[in-house]
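Here our numbering is used: the first residue of the sequence shown is 343, the next is one more, and so on. All C-beta atoms in this analysis are idealised placements derived from N, C-alpha and C, irrespective of residue type, glycine included.
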Amino acid sequence: MNILVLNSGSSSIKFRIYTMPHEELVAAGLVEKIGSEEADIQVEFRGQRERLSQPVQNHEEGLQWIADFLTERVLVDSTLDAIGHRVVHGGEEYSQPMLISEEVLDKVNELAILAPLHNPPNAQGIQVSRRVFPQAQQVAVFDTAFHATLPPHAFRYPIPNKLYEQYGIRVYGMHGTSHQYVTKQAASFLDKPMSETNLITIHLGNGCSMTAVKNGQSVDTSMGLSPLAGLMMGTRSGDIDPSIPFFLSNQANMSPSEIDQLLNQESGLKGITGENDLREVLKLRAQGDKMAQLALEMYCYRIKKYIGAYMAVLGEVDALIFTAGVGENSDIVRERSLAGLENLGIELDVEKNQEHLSGIRQLQRASSKVKILVVPTNEELAIAEQTYQVLSKNN
Ligand code: AMP
Numbered sequence: 343m344n345i346l347v348l349n350s351g352s353s354s355i356k357f358r359i360y361t362m363p364h365e366e367l368v369a370a371g372l373v374e375k376i377g378s379e380e381a382d383i384q385v386e387f388r389g390q391r392e393r394l395s396q397p398v399q400n401h402e403e404g405l406q407w408i409a410d411f412l413t414e415r416v417l418v419d420s421t422l423d424a425i426g427h428r429v430v431h432g433g434e435e436y437s438q439p440m441l442i443s444e445e446v447l448d449k450v451n452e453l454a455i456l457a458p459l460h461n462p463p464n465a466q467g468i469q470v471s472r473r474v475f476p477q478a479q480q481v482a483v484f485d486t487a488f489h490a491t492l493p494p495h496a497f498r499y500p501i502p503n504k505l506y507e508q509y510g511i512r513v514y515g516m517h518g519t520s521h522q523y524v525t526k527q528a529a530s531f532l533d534k535p536m537s538e539t540n541l542i543t544i545h546l547g548n549g550c551s552m553t554a555v556k557n558g559q560s561v562d563t564s565m566g567l568s569p570l571a572g573l574m575m576g577t578r579s580g581d582i583d584p585s586i587p588f589f590l591s592n593q594a595n596m597s598p599s600e601i602d603q604l605l606n607q608e609s610g611l612k613g614i615t616g617e618n619d620l621r622e623v624l625k626l627r628a629q630g631d632k633m634a635q636l637a638l639e640m641y642c643y644r645i646k647k648y649i650g651a652y653m654a655v656l657g658e659v660d661a662l663i664f665t666a667g668v669g670e671n672s673d674i675v676r677e678r679s680l681a682g683l684e685n686l687g688i689e690l691d692v693e694k695n696q697e698h699l700s701g702i703r704q705l706q707r708a709s710s711k712v713k714i715l716v717v718p719t720n721e722e723l724a725i726a727e728q729t730y731q732v733l734s735k736n737n
């Protein structure tokens with residue numbers, strides 16, 4: 343079965359095509375700068391990389407380009423059977439991937455109130471795909487779904503009940519597809535049933551989040567109503583005193599949308615150093631930049647605080663799992679986040695941590711009670727797997 347995985351953002355569409363159940367990656371690509379005369383299109387197919395620049399006015403044109411590329415070059419003798427869409431917010435309704443009906447699409451649109459930057463382009467991707475690929479079945483895979491198991495004492499905010507009842511203000515959590523994928527991979531690596539595995543999963547990419555996984559289920563997570571909460575990120579502040587927005591409004595005369603922009607786009611690593619990419623921050627630090635040093639310390643300190651909190655939440659932890667761009671690649675972030683946690687049974691082998699290997703690997707000392715793993719994430723493959731499972735159940 344040929345499954346196209348689509349991740350539609352506001353000005354980009356990422357895609358991958360897999361043959362399932364063999365998990366064979368057939369082609370991958372990216373259409374960026376949608377809406378411009380010089381959109382950037384990159385594809386990888388049969389070991390070759392191609393890059394071109396051409397006008398792509400909107401998502402419809404972007405998806406049409408992908409459809410033509412697939413039919414003319416990739417699926418010449420076969421058909422596209424299904425599309426798995428990444429949808430950021432599934433609200434309280436969706437704890438599982440769903441075959442897309444009118445009702446599901448309406449709900450994804452309604453949930454834009456909770457994810458204004460993400461759900462509208464996700465919904466648009468679904469609408470356009472239905473026109474461009476009418477023969478393919480469509481499945482929505484929600485980034486919030488893995489966190490549907492959070493208990494009320496973890497997902498409720500201590501604010502008046504009516505705000506939850508009327509507006510659904512609660513912790514939803516994000517990056518669920520990644521946390522779930524690495525949980526499954528780690529349990530299998532540790533040779534334990536998922537239902538008996540306790541983990542702290544640490545997803546450090548452009549966005550960063552951590553999840554406490556008890557018996558294979560998410561019981562707490564650092565992002566909240568939106569992806570702004572929790573850890574310090576590339577451009578997002580993570581946790582701050584909730585009174586700061588009032589202060590900015592009253593003292594600096596900032597509007598709600600200016601504060602939104604400030605905390606989502608201009609904070610985090612970027613707010614402290616001017617750079618949102620950790621690699622650039624590390625280069626500055628190597629040149630002796632004090633702000634880069636401070637940013638690294640703040641970034642790792644916050645990870646460490648969440649590790650302590652989730653050790654307390656879980657009681658017993660089999661392993662800490664580092665994943666995504668920073669988690670998989672940055673030995674310095676892993677080392678500084680774990681420094682001084684020996685009394686909690688977390689002992690990093692500093693030499694193993696510095697080896698640049700690929701795949702799942704263990705980084706703890708032999709005496710460490712808690713294992714420390716790097717588990718590469720693969721959200722696209724996880725979406726293809728879930729899409730395949732939904733269709734196998736429904737056909
Ligand atoms: P992701 O969102 O998972 O693609 O992660 C993207 C982030 O990973 C980038 O912003 C980089 O800061 C970070 N990253 C990737 N490779 C490295 C590396 N070798 N060292 C430090 N950070 C890295």
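DSSP places aspartate 410 inside the alpha helix (DSSP H), whose first and last residues are 401-411. Residue side-chain check: glycine 351 keeps its Cβ at 6 angstroms or more from all non-hydrogen atoms of the ligand AMP.
Taking C-beta atoms as the reference points, valine 732 and threonine 665 fail to come closer than 7 angstroms. In terms of Cβ geometry, threonine 361 and asparagine 349 do not form a close pair [threshold 7 angstroms]. For valine 655, the enclosing alpha helix (DSSP H) stretches over residues 632-656. Relative to glutamine 469, the option among Leu656, Glu639, Asp485 and Glu403 whose CA is nearest is Glu403. DSSP places glutamate 379 in no alpha helix (DSSP H) but in the uninterrupted beta strand (DSSP E) bounded by 378-387. Of all alpha-carbon atoms in Phe488, Ser437, Pro439 and Pro462, the one lying nearest the alpha-carbon of aspartate 448 is that of Pro462. The alpha carbon of glycine 667 has as its nearest neighbour, out of Phe387, Ala370, Asp619 and Lys625, the alpha carbon of Asp619.
Beta bridge pairing from DSSP links tyrosine 360 with Ile345 and Leu367.
Of the residues Ala724, Thr519 and His431, the one whose Cα lies closest to the Cα of glycine 510 is His431.
Ranked by Cα distance from leucine 611, the first of Ala369, Ala409, Gly549 and Asp660 is Gly549. For proline 397, the enclosing beta strand (DSSP E) has its first and last residue at 390-398. Looking at the backbone, the Cα of glycine 657 and that of leucine 686 are separated by about 11 angstroms. For the pair valine 418 and phenylalanine 484, the CB atoms are not nearer than the 7 angstroms cut-off.
Aspartate 410 and alanine 478 have their C-alpha atoms spaced approximately 15 angstroms apart.
Our two residues, alanine 726 and lysine 632, have alpha carbons roughly 44 angstroms apart in a direct line. The ligand AMP has no heavy atom closer than 6 angstroms to the beta-carbon of serine 564. When DSSP states are grouped into helix, strand and coil, lysine 556 belongs to the strand group.
Shown here for phenylalanine 475: same chain residues with a beta carbon closer than 7 angstroms to its own, the five before and five after excluded, namely Ala409, Leu422 and Ile425 in chain order. Per the coordinates, the alpha-carbon of serine 734 lies some 45 angstroms from the alpha-carbon of glutamate 617.
The segment 436-455 makes no contact with the segment 680-698, as fewer than three CB pairs between them are under 8 angstroms. Cα atoms of alanine 634 and threonine 615: separation of roughly 6 angstroms, rounded to the nearest angstrom.
For glycine 518 against phenylalanine 488, the beta-carbon gap comes to about 3 angstroms, under 8 angstroms, which counts as contact. Between the segment 567-577 and the segment 524-539, the count of C-beta pairs closer than 8 angstroms stays below three; the two stretches do not touch.
Membership of alanine 424 in the beta strand (DSSP E) is indicated by the continuous run 424-429. Here the distance from the Cβ of alanine 370 to the nearest heavy atom of the ligand AMP is not below 6 angstroms. The residue among Tyr652, Glu386, Leu441 and Trp407 with its C-alpha nearest the C-alpha of asparagine 737 is Leu441. Looking at the DSSP output, arginine 703 shares a beta bridge with Val716.
In this structure leucine 367 does not touch isoleucine 383 by the C-beta definition: roughly 18 angstroms separates them, more than the 8 angstroms allowed. Per DSSP, phenylalanine 589 is one residue of the alpha helix (DSSP H) stretching across 586-593. Linking arginine 707 to aspartate 691 through their CA atoms gives a straight-line distance of about 5 angstroms. Closest option to isoleucine 663, judged by alpha-carbon separation, among Arg678, Thr525 and Asp583: Thr525.
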